[in-house]
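Let me begin by presenting the structure, written as structure tokens, before commenting on it.
There are 2 protein chains.
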Amino acid sequence: MTDREQLLAAALRVIRAEGPDVTMDDIAAAAGVSKPIVYRNIGDKDALVEALSEMFVDRLNEAVERATTRGTGGRATFAASMRATFEVIDDERNLFLFVTAGGPGTESVRLLVARSSIRIIEQFTALRTGTGLDPLPVRTWAYATVGAIQVAAAMWLRDGYRDRDSVADDITQLMWPGLTTSSG
Amino acid sequence: MTDREQLLAAALRVIRAEGPDVTMDDIAAAAGVSKPIVYRNIGDKDALVEALSEMFVDRLNEAVERATTRGTGGRATFAASMRATFEVIDDERNLFLFVTAGGPGTESVRLLVARSSIRIIEQFTALRTGTGLDPLPVRTWAYATVGAIQVAAAMWLRDGYRDRDSVADDITQLMWPGLTTSSG
DNA sequence: AGCTGAATTTACTTGGAGTACGAAAAGTTT
DNA sequence: AAACTTTTCGTACTCCAAGTAAATTCAGCT
Numbered sequence: 001m002t003d004r005e006q007l008l009a010a011a012l013r014v015i016r017a018e019g020p021d022v023t024m025d026d027i028a029a030a031a032g033v034s035k036p037i038v039y040r041n042i043g044d045k046d047a048l049v050e051a052l053s054e055m056f057v058d059r060l061n062e063a064v065e066r067a068t069t070r071g072t073g074g075r076a077t078f079a080a081s082m083r084a085t086f087e088v089i090d091d092e093r094n095l096f097l098f099v100t101a102g103g104p105g106t107e108s109v110r111l112l113v114a115r116s117s118i119r120i121i122e123q124f125t126a127l128r129t130g131t132g133l134d135p136l137p138v139r140t141w142a143y144a145t146v147g148a149i150q151v152a153a154a155m156w157l158r159d160g161y162r163d164r165d166s167v168a169d170d171i172t173q174l175m176w177p178g179l180t181t182s183s184g
Numbered sequence: 185m186t187d188r189e190q191l192l193a194a195a196l197r198v199i200r201a202e203g204p205d206v207t208m209d210d211i212a213a214a215a216g217v218s219k220p221i222v223y224r225n226i227g228d229k230d231a232l233v234e235a236l237s238e239m240f241v242d243r244l245n246e247a248v249e250r251a252t253t254r255g256t257g258g259r260a261t262f263a264a265s266m267r268a269t270f271e272v273i274d275d276e277r278n279l280f281l282f283v284t285a286g287g288p289g290t291e292s293v294r295l296l297v298a299r300s301s302i303r304i305i306e307q308f309t310a311l312r313t314g315t316g317l318d319p320l321p322v323r324t325w326a327y328a329t330v331g332a333i334q335v336a337a338a339m340w341l342r343d344g345y346r347d348r349d350s351v352a353d354d355i356t357q358l359m360w361p362g363l364t365t366s367s368g
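Chains D and H are the protein sequences, given in the same order. First residue of the first sequence: 1, per the numbering used here; consecutive thereafter. First residue of the second sequence: 185, per the numbering used here; consecutive thereafter.
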């Protein structure tokens, strides 16, 4: 395990344990090294957020993958992806809050969104072209989907106004029909 | 005009002119007063964000209102709301970035989302109950809608990958069908 | 004018990001 | 093996913005 990976692991550990408000000093302390080591190996805080974003998105993608391998790409598959997504966010709430802490205007969150969108765009595009529908809006849809999940999840995490799967299903219900109809 | 209103106006002015990264000192300077006056009349930075969020949401609601007074509540009306929303965000991009600068986990953004959701929930609920459909998911839908707009708008503001109305229409196309179908 | 109290400004503290410089450890040369 | 060089690391700093306490000015009153 490289130094960098050890540091990222330490950052993960302390974020999970202490919440999203950890400082760079906290992370250095958790890794048992001094702060300049963190800066040498990871870069500044934005770089840390990016690295952890990447991990987080990978985790999401794996979970979605696992949840949909047997699916046929229909509504049930989409619903399963959405539930899997919310499950990961629930499990990794502190990491989620850490990587989304900057607003949508910050570069790190923009990258997170872009990264999350890759798989979504692929799937939406496949869905559209497979059925002869216009693929032009898929980029907006990917961003919209990521945003919808981010905000709905954040609000749900905060006050649990509904059970988790219901929130995921609500979003499926909202988005699925639009994905599969023609522009009309 | 009260002191508070003058200060908020000054804050608005400097945010519009200088971008979302203004400091409390900048705002005090723009208002021609010293920092403690700002804190006395407005409160801390979160309170400022909340006050400006309220303004921003009011602006959005007025624009949507204006764009839909003659509408019949159908898809065209929804599309008009969405376009009006994007127009306001475009006009007030710095304010938009300022009030969304905290992540979705922060209290001020949570409040912004909640506030934005009020009108949306009303309209969605009316739409559902008016047609005998289940109104339970509307809260999630409102959050999802706000998130979708926030993120899509932020990405669009950044790199203008499409013209504004198209992005708004993309979102209409994505969401409208789901709003008007039964849970299936 | 001099005094009291409110309003305001200056100048400070605090906290976290990021870094310069000195100390220590490892390797290199004779 | 000792002295010297180079790299690595940690201490202790700077910097910046938020937020505040104490000093000051100003208004009203006697």
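Yeah, the Cβ is synthetic: ideal placement off N, Cα and C, and Gly gets one too. Predicted, not measured: the structure shown is a model, and the values here were computed from it.
Measuring only the C-alpha atoms, how far is residue i from residue j?
i: H/Ser367; j: H/Asp318; result: 8 Å
i: D/Ile120; j: H/Arg294; result: 26 Å
i: D/Ala9; j: D/Ile27; result: 10 Å
i: H/Tyr327; j: D/Gly160; result: 13 Å
i: D/Asn61; j: D/Arg162; result: 24 Å
i: D/Arg66; j: H/Thr315; result: 38 Å
i: H/Asp187; j: H/Ala201; result: 21 Å
i: D/Val22; j: H/Val206; result: 24 Å
i: D/Gln123; j: D/Met55; result: 20 Å
i: D/Gly43; j: H/Gly227; result: 35 Å
Check whether the Cβ atoms of residue i and residue j lie closer than 7 Å to each other.
i: D/Ala101; j: D/Thr172; result: no
i: D/Phe98; j: D/Pro36; result: no
i: D/Leu7; j: D/Asn41; result: yes
i: D/Gly105; j: H/Ala338; result: yes
i: D/Ser108; j: D/Val146; result: no
i: D/Thr140; j: H/Ala336; result: yes
i: D/Arg93; j: D/Leu48; result: no
i: D/Pro137; j: H/Pro361; result: no
i: H/Arg243; j: H/Val222; result: no
Residue i and residue j look like a contact to me (Cβ under 8 Å); what is the Cβ gap, rounded to whole Å?
i: D/Leu174; j: H/Met359; result: 6 Å
i: H/Ser265; j: H/Val248; result: 5 Å
i: H/Gly257; j: H/Leu196; result: Actually they are not in contact, since the Cβ atoms of H/Gly257 and H/Leu196 sit about 33 Å apart, beyond 8 Å.
i: H/Gly287; j: D/Gly103; result: 6 Å
i: D/Asp149; j: D/Thr85; result: A small fix is needed here, since residue 149 of chain D is Ile in this sequence, not Asp. Indeed they touch by this definition, with Cβ atoms about 6 Å apart.
i: H/Ser237; j: H/Leu296; result: 4 Å
Leaving out five residues before and five after residue i in sequence, what residues of the same chain have Cβ atoms less than 8 Å from its Cβ?
i: D/Thr129; result: Pro135
i: H/Lys229; result: Met208
Cutting at 7 Å between CB atoms, please list the residues of its own chain near residue i, excluding the five before and the five after it.
i: H/Ala260; result: none
i: D/Gly71; result: Thr77, Ala80
i: D/Thr181; result: none
i: D/Asp91; result: none
i: H/Thr309; result: Pro319, Val322
i: H/Asp354; result: none
Below 6 Å CB to CB, which residues in the same chain sit around residue i once its five sequence neighbours on both sides are set aside?
i: D/Arg192; result: Any property of residue 192 of chain D remains undetermined from this structure, which presents chain D solely from 1 to 184.
i: D/Arg115; result: Val57
i: H/Thr252; result: Thr261, Ala264, Ser265
i: D/Glu5; result: none
Going by DSSP in three states, residue i sits in which element: helix, strand or coil?
i: H/Gly227; result: coil
i: H/Gly362; result: helix
i: H/Gly286; result: strand
i: D/Gly130; result: helix
i: D/Pro135; result: coil
i: D/Glu5; result: helix
i: H/Arg346; result: coil
i: D/Glu50; result: helix
i: D/Arg70; result: coil
i: D/Val38; result: helix
i: H/Asp205; result: coil
i: D/Glu87; result: helix
i: D/Ser108; result: helix
i: D/Glu92; result: coil
I want to check one thing, is the minimum distance from the CB of residue i to the heavy atoms of the ligand FAD below 6 Å?
i: D/Glu122; result: You won't find the ligand FAD in this model; it holds no ligand whatsoever.
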